[in-house]
Amino acid sequence: MISRSAKNGGVAAQPGEGEPAAGADPSDIHRGDWVERNLAPRWRPYARLARLDRPIGTWLLLFPGWWGIALASQRWPDPLLLVLFAIGAVTMRGAGCTLNDIADRDYDGQVARTRLRPLPSGAVSVRQAMIFLLLQLTIGAAVLFSLNRTTILLGAAVLALIGTYPFMKRITYWPQVFLGLNFNWGALIGWTAVAGALAWPPLLLYLGGLLWTLGYDTIYAHQDKEDDIRIGVKSSAIALGAHTRPWLFAFYGAAVLLWGAAGHVAGLGAIFWACLTAAAAQLAWQAARVATENPADCLHKFRSNRAVGWMMLAGIIAGHFA
Numbered sequence: 033m034i035s036r037s038a039k040n041g042g043v044a045a046q047p048g049e050g051e052p053a054a055g056a057d058p059s060d061i062h063r064g065d066w067v068e069r070n071l072a073p074r075w076r077p078y079a080r081l082a083r084l085d086r087p088i089g090t091w092l093l094l095f096p097g098w099w100g101i102a103l104a105s106q107r108w109p110d111p112l113l114l115v116l117f118a119i120g121a122v123t124m125r126g127a128g129c130t131l132n133d134i135a136d137r138d139y140d141g142q143v144a145r146t147r148l149r150p151l152p153s154g155a156v157s158v159r160q161a162m163i164f165l166l167l168q169l170t171i172g173a174a175v176l177f178s179l180n181r182t183t184i185l186l187g188a189a190v191l192a193l194i195g196t197y198p199f200m201k202r203i204t205y206w207p208q209v210f211l212g213l214n215f216n217w218g219a220l221i222g223w224t225a226v227a228g229a230l231a232w233p234p235l236l237l238y239l240g241g242l243l244w245t246l247g248y249d250t251i252y253a254h255q256d257k258e259d260d261i262r263i264g265v266k267s268s269a270i271a272l273g274a275h276t277r278p279w280l281f282a283f284y285g286a287a288v289l290l291w292g293a294a295g296h297v298a299g300l301g302a303i304f305w306a307c308l309t310a311a312a313a314q315l316a317w318q319a320a321r322v323a324t325e326n327p328a329d330c331l332h333k334f335r336s337n338r339a340v341g342w343m344m345l346a347g348i349i350a351g352h353f354a
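Using our numbering, read the sequence shown as starting at 33 and increasing by one per residue.
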């Protein structure tokens, strides 16, 4: 996640890569992964707090920022900006996950998938996690302050959303909306980092991204719904229940329409529309085929959204040329 919602997986799930077999340990801490193979024991809990072992959340945070940069660039996006946003995505996704784990440490200890995370397992203390959070926020701030004034102000404005999101699952069945507001903010600051001021294309891109997140994080939340009901945590998966599938089509369909509107207003060409059609087909496949009672399939479908991110990025860049 930043929470137990989205933000935790890796690449498209294959046997042995995070998609548990029947009867397997449901924990999302996978023994023998690259963290255990390559990092000293003292550093492993921090890598897991930042979800460096499960990069899909970083991709889902990064793509809207890259889309915003590409949409505003007219031609090829500035490689330095792409790198800066990648660094920012890694650090801020890590900061969000760390904050969420601090807030959720008592809940996470009661959920099979999250009970072995660093805080509920005792691998790090709350004080150590807080220090690590401050370090990540400092790096993120350094990236932000390398950008223009408008972007700095927009980046600062999202901090309130980041700070409140971990608590939304306690008071509303729609924490995924707040996650979408957070995770797609990069569409706005990516645009302003290039253009210096907001306009309709990034706003439409942002709203489409919000609905995209609402769809994929609802899929993700179905993994934990039984534990969430037991401990009193809310989610869109619980709210929608057996009616999830038509709502996924609605969320994803609206996202595609808004992305198309952004491309139209920005004057993108035929290649953008071809890539958007491919992205729409991928999203329709998710909505049609996801097995919401199968946590492994939910994780697989959730992780497949990285392909949507790449399709959109390719379409926006190429759409400036043809």
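C-beta: ideal position from N, C-alpha, C; glycine also. For clarity, every value in this text was computed on a predicted model and none was experimentally measured.
{"query": "Ranges of the alpha helix (DSSP H) found wholly within the region 193 to 257, counting only runs of at least 4", "result": "207 to 215, 218 to 227 and 232 to 253"}
{"query": "Close beta carbons around Trp232, own chain, < 6 Å, minus the five adjacent residues each side", "result": "Val297"}
{"query": "Closest residue to Phe283 among Gln318, Pro77 and Leu300 (Cα-Cα distance)", "result": "Gln318"}
{"query": "7 Å CB neighbourhood of Ile367 in its chain, flanking five on each side removed", "result": "Here the chain comprises residues numbered 33 to 354, so residue 367 is not present and cannot be evaluated."}
{"query": "Endpoints, the alpha helix (DSSP H) within which Val67 is located", "result": "Trp66 to Asn70"}
{"query": "Helix, strand or coil at His353 [DSSP, three-state]", "result": "Checking the sequence, you will find Phe at residue 353 rather than His. Coil at Phe353, not helix or strand."}
{"query": "DSSP three-state assignment for Ala339, whether helix, strand or coil", "result": "helix"}
{"query": "Buried versus exposed, by CB contacts within 10 Å (16 or more), Asn216", "result": "buried"}
{"query": "Residue burial classification, Thr276 (beta-carbon count within 10 angstroms, cutoff 16)", "result": "buried"}
{"query": "Distance between Val67 and Trp75 (C-alpha atoms, nearest Å)", "result": "9 Å"}
{"query": "Selection from Ala328, Ser336 and Thr324 that minimises the alpha carbon distance to Leu315", "result": "Ser336"}
{"query": "7 Å Cβ cutoff met for Leu272 and Trp98", "result": "no"}
{"query": "Reduced DSSP secondary structure (H/G/I, E/B, other) of Lys266", "result": "coil"}
{"query": "Gly12 classed as buried or exposed, judged by whether at least 16 other C-beta atoms fall within 10 angstroms", "result": "With the chain running from 33 to 354 in the structure shown, residue 12 is simply not present."}
{"query": "For Thr250 and Cys330, the rounded distance between their alpha carbons", "result": "9 Å"}
{"query": "Three-state secondary structure (DSSP) of Arg74", "result": "coil"}
{"query": "Nearest to Thr182 (by Cα), restricted to the options Ile221, Pro327 and Tyr238", "result": "Ile221"}
{"query": "Nonlocal neighbours in the same chain, by C-beta distance under 6 Å from Leu93, ignoring five residues either side", "result": "Ala121, Arg125 and Phe215"}
{"query": "Close Cβ partners of Gly240 (< 6 Å) along its chain, the five nearest in sequence each way excluded", "result": "Ala287, Leu290 and Trp291"}
{"query": "Arg321 beta carbon near the ligand FMN (any heavy atom closer than 6 Å)", "result": "Ligands in the displayed structure: none, and consequently the ligand FMN is not present."}
{"query": "Gly347 beta carbon less than 7 Å from that of Ala219", "result": "no"}
{"query": "N- and C-terminal bounds of the alpha helix (DSSP H) containing Asn132", "result": "Pro111 to Asp140"}
{"query": "Proximity of Ile303 and Ala350 at Cβ, strictly below 7 Å", "result": "yes"}
{"query": "Three-state secondary structure (DSSP) of Ala188", "result": "helix"}
{"query": "Spatial neighbours of Ser178 in its chain, beta-carbon cut-off 7 Å, leaving aside the 5 residues before and after", "result": "Leu116"}
{"query": "Option nearest Thr123 by Cα separation, candidates Asp65, Ala173 and Ala189", "result": "Ala173"}
{"query": "Member of Ala127, Ser157 and Lys201 whose CA lies at the smallest distance from the CA of Leu165", "result": "Ala127"}
{"query": "Boundaries of the alpha helix (DSSP H) in which Gly172 is found, first to last residue", "result": "Val158 to Leu176"}
{"query": "Spatially closest choice to Ala323 from Ser157, Gln255 and Leu235, by CA coordinates", "result": "Gln255"}
{"query": "Three-state secondary structure (DSSP) of Pro87", "result": "coil"}
{"query": "The alpha helix (DSSP H) enclosing His296, as first and last residue numbers", "result": "Thr276 to Ala298"}
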